[in-house]
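Structure first, commentary second.
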Amino acid sequence: MPLLTEEHLRWIGTSDPPTTVEVSRRDIVKYATATEQRQERYLRGDEAPPMFVFNLFSELPTVEGLRRDGLAARRQQGPSLPLKRVMAGGTSVEVHRPIRPGDVLTATRTLVGLTEKQGRSGPLIFSEYRTVIVDADGRPVMEENQTGIAR
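Using the numbering used here, read the sequence shown as starting at 4 and increasing by one per residue.
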């Protein structure tokens, strides 16, 4: 009997509400310093390092929103899957242009696939999300494809 129902599959193609942020030079410098960047363009805040966007669009957690281990509890978006243990399955990123101070960026995350497979230790569900980041003029900045595996 399949774990994914028609209700689950109806989520494919749905997007989270777009999130918009303005990038400051200070944000870039803080990130570059915290991640021990060595290139001057990053340390001056002229350009953001490649991993800068990860968590850029996440809401800032309150103390009450932290798990026991100190990490932010994530709000579930998308279908509630019958398998609850989730691990990373892979990420690919295509960068169209560097991120610079003053950029106003909008990210939209869309569920593009749900697949059920049988693994050696039992059933697996693959969730595929695509995040598209555009600038204020709607020009592409970055695209990310991310796979999560529930078991």
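Using N, Cα and C, we set each Cβ at its ideal position, and we do this for glycine too.
Expressed to the nearest angstrom, what Euclidean distance is found between the alpha-carbon atoms of N148 and Y45?
The straight-line gap from Cα to Cα measures roughly 25 Å.
Sort R103, H99, E43, T134 by Cα distance to E25 and report the nearest one.
If we check each option's Cα against that of E25, R103 comes out closest.
Would the region 74 to 94 count as touching the region 7 to 19 if we require 3 or more Cβ pairs under 8 Å?
Result yes; three or more Cβ-Cβ pairs closer than 8 Å.
Roughly how many angstroms separate the alpha carbons of G86 and L7, rounded to a whole number?
The residue you asked about is not Gly; residue 86 is Leu in the sequence shown. Whole-angstrom Cα-Cα distance: 10 Å.
Can you check which of these residues, A139, L117, D140, is closest to P5 by C-alpha distance?
Among A139, L117, D140, the Cα nearest to that of P5 belongs to L117.
Answer with buried or exposed for G48, where buried requires no fewer than 16 other C-beta atoms within 10 angstroms of its C-beta.
Burial call: buried.
Specify, as a first and last residue, the run of the beta strand (DSSP E) that K120 falls within.
Looking at the DSSP string, the run of the beta strand (DSSP E) that includes K120 is 107 to 122.
Mark A139 as exposed unless 16 or more other C-beta atoms lie within 10 angstroms of its C-beta, in which case mark it buried.
Result: exposed.
According to DSSP, is G48 part of a helix, a strand, or is it coil?
G48 falls in the coil class under three-state DSSP.
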